[in-house]
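Undergrad:
In full-length UniProt numbering, the protein residues as written are 1 to 454.
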């Protein structure tokens, strides 16, 4: 589990151009949902392309603990024998979700309207992340949560004995909150309604429809309204998981950072609620071609051809934040090499991720010689232009996989190597990151001794 074992310091430095094909693993968000909805269906769901990172594997273990049959039959190929909506059994032990905020929040939602009691925990990073945003709406169904002060894990959640349908307006744009409420609504009678002021990633709604749930979405004056009719019998599915756009962000940005690079990143999911980074990169002048557009597993995908070229700073529209919230760390790294300032506003959600990502990126960039401005809800990076980032720092990753990968990418274009204090958390979402980047020509390696993090 990330954060429980020995630290793995890594260092990245400039070298040859990146060339070749980058086979990205399956989408983490879709993988979590495929396992959970497969467990709530009646019959056997078949999944290909599942991300086999620690976060998703912990969700698979949770589904087994609830009584579903979860079996790996090949690389990325899994079967899930579901127990039906309301069919979860009470686990014999604590459910440990490691570093997976998405996993624990969605699983809490899925069990909150079944009359069982479950204790959830995670690693040091996950135990510091707020869960009240999930347990508060679940209480409206009749679930009861008991945990540490401030709504922190470990939390013991007792599902509703007689669940009630709810209407809930999300206080912040969060696909995790929306999805937890919708999954809880599956075992409540009548209609559960979620209202979002800003639309967030819609993988849950798409997959619920695929499994046979009756769900409708509508744009109204109040916002984005999702209505789910409860107590369906979900039908098992065959799911091809598209490749993860959040993971693809790292080789894409690395190719844009390193002079002379030309990289193909095939089969990337381009769901409009997830593709905000690519829109931003194009606005910065990035040389990205979207080839062979098609649909796989109900999701739009394309092959991305990425080439190095000069970039300019831009102002990212705040309303785009929900569609690229996980990509701001690597965008900030890229912005350090652009001409002019890149302005990122409406990003306070980053402060409650695996780490405070605004602060982590700000401190790391400053250590690497990059000028910036930081606020509660914004980060402005003043780009130094290509080939002008000093580097030479050791950056603290704070048990955050995306901080780790962002600074390793920046190290490939810095004047002096950039070291991260711990690359172990990368395995939670992108276990093939290191060999994939090395195969493209990146000079990234583990170092033998841990250095003091800044």
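Beta carbons are placed, not taken as given, at the ideal position from N, Cα and C, and that holds for glycine.
Tell me the DSSP bridge mates of residue 355?
TA: As a first step, residue 355 is located in the chain shown; it is residue number 355 there, counting from the start. Note: residue 355 sits in no beta bridge, so no partner.
Undergrad: Please state if the CB of residue 414 and the CB of residue 381 are separated by a distance shorter than 7 Å.
TA: Sequence index remark: in the chain shown, residue 381 carries index 381 (1-based). Sequence index remark: in the chain shown, residue 414 carries index 414 (1-based). No, they are not a contact pair.
Undergrad: Could you tell me the alpha carbon to alpha carbon distance between residue 407 and residue 65, rounded to whole angstroms?
TA: Working through the chain shown from its first residue, we reach residue 407 at position 407. Working through the chain shown from its first residue, we reach residue 65 at position 65. Rounded to whole angstroms, residue 407 to residue 65 spans 37 Å at the Cα level.
Undergrad: Three or more C-beta pairs closer than 8 Å, one from the segment 257-268 and one from the segment 32-47: is that the case here?
TA: At 8 Å Cβ cutoff, the stretches do not touch.
Undergrad: Here's a check: name, in chain order, each residue in its chain whose Cβ is nearer than 8 Å to the Cβ of residue 154, leaving out the five neighbours to either side.
TA: In the chain shown, residue 154 corresponds to position 154, counting from 1. For residue 154, where only same-chain residues beyond five positions count, the Cβ hits under 8 Å are 94, 119, 120, 121, 127, 147, 148.
Undergrad: Less than 7 Å between the beta carbons of residue 342 and residue 313, yes or no?
TA: Taking the first residue of the chain shown as 1, we reach residue 342 at position 342. Taking the first residue of the chain shown as 1, we reach residue 313 at position 313. In this structure, residue 313 lies closer than 7 Å to residue 342 by Cβ.
Undergrad: Considering only their Cβ atoms, is the gap separating residue 111 from residue 88 smaller than 7 Å?
TA: Taking the chain shown and counting its residues from 1, the one referred to as residue 88 is at position 88. Taking the chain shown and counting its residues from 1, the one referred to as residue 111 is at position 111. Closer than 7 Å, so yes.
Undergrad: Do you know how far the Cα of residue 158 is from the Cα of residue 360?
TA: Against the chain shown, residue 360 aligns to sequence position 360. Against the chain shown, residue 158 aligns to sequence position 158. Cα to Cα, residue 360 sits roughly 35 Å from residue 158.
Undergrad: How big is the Cα-Cα spacing for residue 434 and residue 207?
TA: As a working mapping, residue 434 is identified with position 434 in the chain shown. As a working mapping, residue 207 is identified with position 207 in the chain shown. Rounded to whole angstroms, residue 434 to residue 207 spans 31 Å at the Cα level.
Undergrad: Under a three-way DSSP split, which group does residue 25 fall into?
TA: As a first step, residue 25 is located in the chain shown; it is residue number 25 there, counting from the start. Note: residue 25 maps to coil in three-state DSSP.
Undergrad: Go ahead and label residue 323 buried or exposed: buried means 16 or more other beta carbons lie within 10 angstroms of its beta carbon, across all protein chains shown.
TA: Locating residue 323 in the chain shown gives position 323, where the first residue counts as 1. It counts as buried.
Undergrad: Just to confirm my understanding: we take residue 451, look at its own chain, exclude 5 residues before and 5 after, and list those with CB closer than 8 Å. What are they?
TA: Counted from its first residue, the chain shown places residue 451 at position 451. Unreliable placement is indicated for residue 451, whose pLDDT of 42 sits below 50; the coordinate value is still reported in the next sentence. Correct list, in chain order: 9, 394, 419, 421.
Undergrad: Nearest chain C C-beta to residue 404 closer than 7 Å, yes or no?
TA: Absent here is chain C; the protein component of the structure consists of one chain.
Undergrad: Would you report the Cα separation of residue 204 and residue 197, rounded to the nearest angstrom?
TA: The sequence position of residue 204 within the chain shown is 204, counting from 1. The sequence position of residue 197 within the chain shown is 197, counting from 1. Using only the alpha carbons, I get a separation of about 17 Å.
Undergrad: How far does the alpha helix (DSSP H) with residue 437 in it extend, from its first residue to its last?
TA: Taking the chain shown and counting its residues from 1, the one referred to as residue 437 is at position 437. Looking at the DSSP string, the run of the alpha helix (DSSP H) that includes residue 437 is 433-440.
Undergrad: Sort 227, 378, 97 by Cα distance to residue 345 and report the nearest one.
TA: The residue labelled residue 345 in the question sits at position 345 within the chain shown. The option with the nearest alpha carbon to residue 345 is 378.
Undergrad: Taking its Cβ as the centre, do 16 or more other Cβ atoms sit within 10 Å of residue 101, making it buried, or is it exposed?
TA: Locating residue 101 in the chain shown gives position 101, where the first residue counts as 1. Buried, because 16 or more other Cβ atoms sit within 10 Å of the Cβ of residue 101.
Undergrad: Residues in its own chain within less than 7 Å of residue 164 by CB, not counting five upstream and five downstream?
TA: Within the chain shown, the letter at position 164 stands for residue 164. Within the same chain, residue 164 has close Cβ partners 141, 142, 188.
Undergrad: Note down the Cα distance separating residue 266 from residue 246, rounded to an integer number of angstroms.
TA: As a working note, residue 266 is residue 266 in the chain shown. As a working note, residue 246 is residue 246 in the chain shown. Spanning the two alpha carbons is a distance of roughly 14 Å.
Undergrad: Pairing CB atoms from the segment 282-290 with CB atoms from the segment 234-241, are three or more of them under 8 Å?
TA: Not touching, per the Cβ criterion.
Undergrad: Hey, could you find the ends of the beta strand (DSSP E) residue 154 is sitting in?
TA: Counted from its first residue, the chain shown places residue 154 at position 154. Note, residue 154: beta strand (DSSP E), 152-158.
Undergrad: Per DSSP, what kind of secondary structure is residue 498 in: helix, strand or coil?
TA: In the structure as shown, the chain begins at 1 and stops at 454. Residue 498 is therefore absent and cannot be evaluated.
Undergrad: My guess is that residue 400 and residue 351 are in contact by the Cβ rule of under 8 Å, so how many angstroms apart are they, rounded?
TA: By 1-based counting over the chain shown, the position of residue 400 is 400. By 1-based counting over the chain shown, the position of residue 351 is 351. With 8 Å as the limit, residue 400 and residue 351 do not qualify as a contact, their Cβ atoms being about 12 Å apart.
Undergrad: Over the uninterrupted beta strand (DSSP E) stretch that includes residue 46, give me the two end residues.
TA: To locate residue 46, count along the chain shown from 1; it is residue 46. From DSSP, the beta strand (DSSP E) with residue 46 extends over 42-48.
Undergrad: Which residues in the same chain as residue 129 place their Cβ atom closer than 7 Å to its Cβ, once the five residues preceding and following it in sequence are excluded?
TA: Within the chain shown, residue 129 is the residue found at index 129, counting from 1. Excluding positions up to five away in sequence, the list reads 101, 352.
Undergrad: Enumerate in chain order the residues of its own chain whose CB-to-CB distance from residue 333 is below 6 Å, with the five nearest sequence positions on each side excluded.
TA: Position 333 of the chain shown, counting from 1, holds the residue named residue 333. Same-chain partners within the cutoff: 406, 409, 410.
Undergrad: May I have the straight-line CA-CA distance separating residue 289 from residue 90, to the nearest angstrom?
TA: For the purposes of this step, residue 289 is identified with residue 289 of the chain shown, where counting begins at 1. For the purposes of this step, residue 90 is identified with residue 90 of the chain shown, where counting begins at 1. C-alpha separation (whole angstroms): 49 Å.
Undergrad: What is the DSSP secondary structure of residue 384, counted as helix, strand or coil?
TA: The count along the chain shown starts at 1 and reaches residue 384 at position 384. Correct three-state label for residue 384: strand.
Undergrad: Can the beta-carbon of residue 27 be found less than 7 Å from the beta-carbon of residue 326?
TA: By 1-based counting over the chain shown, the position of residue 27 is 27. By 1-based counting over the chain shown, the position of residue 326 is 326. Not in contact: residue 27 and residue 326 (Cβ atoms no closer than 7 Å).
Undergrad: Hey, could you find the ends of the alpha helix (DSSP H) residue 250 is sitting in?
TA: Residue 250 sits at position 250 when you count from the first residue of the chain shown. Unbroken alpha helix (DSSP H) run through residue 250: 245-257.
Undergrad: What three-state label does DSSP hand residue 298 in the structure shown?
TA: What you label residue 298 is simply residue 298 of the chain shown in a count that begins at 1. Coil, per DSSP.
Undergrad: Tell me which residues share the same chain as residue 31 and place their Cβ nearer than 6 Å to its Cβ, disregarding the 5 neighbours each side in the sequence.
TA: Within the chain shown, numbered from 1, the residue matching residue 31 stands at position 31. Excluding residues within five positions, the ones whose Cβ falls inside 6 Å are 50, 51, 56, 241.
Undergrad: If I follow the unbroken beta strand (DSSP E) through residue 371, where does it start and stop?
TA: In the chain shown, residue 371 corresponds to position 371, counting from 1. Residue 371 -> beta strand (DSSP E) spans 371-375.
Undergrad: How would you label residue 221, buried or exposed, when you count the other beta carbons within 10 angstroms and need 16 or more for buried?
TA: Counting from 1 along the chain shown, the entry for residue 221 is found at position 221. Residue 221 comes out exposed.
Undergrad: In whole angstroms, give me the CA-to-CA distance for residue 171 and residue 276.
TA: Position 171 of the chain shown, counted from the first residue, corresponds to residue 171. Position 276 of the chain shown, counted from the first residue, corresponds to residue 276. Taking the straight line joining both Cα atoms gives about 21 Å.
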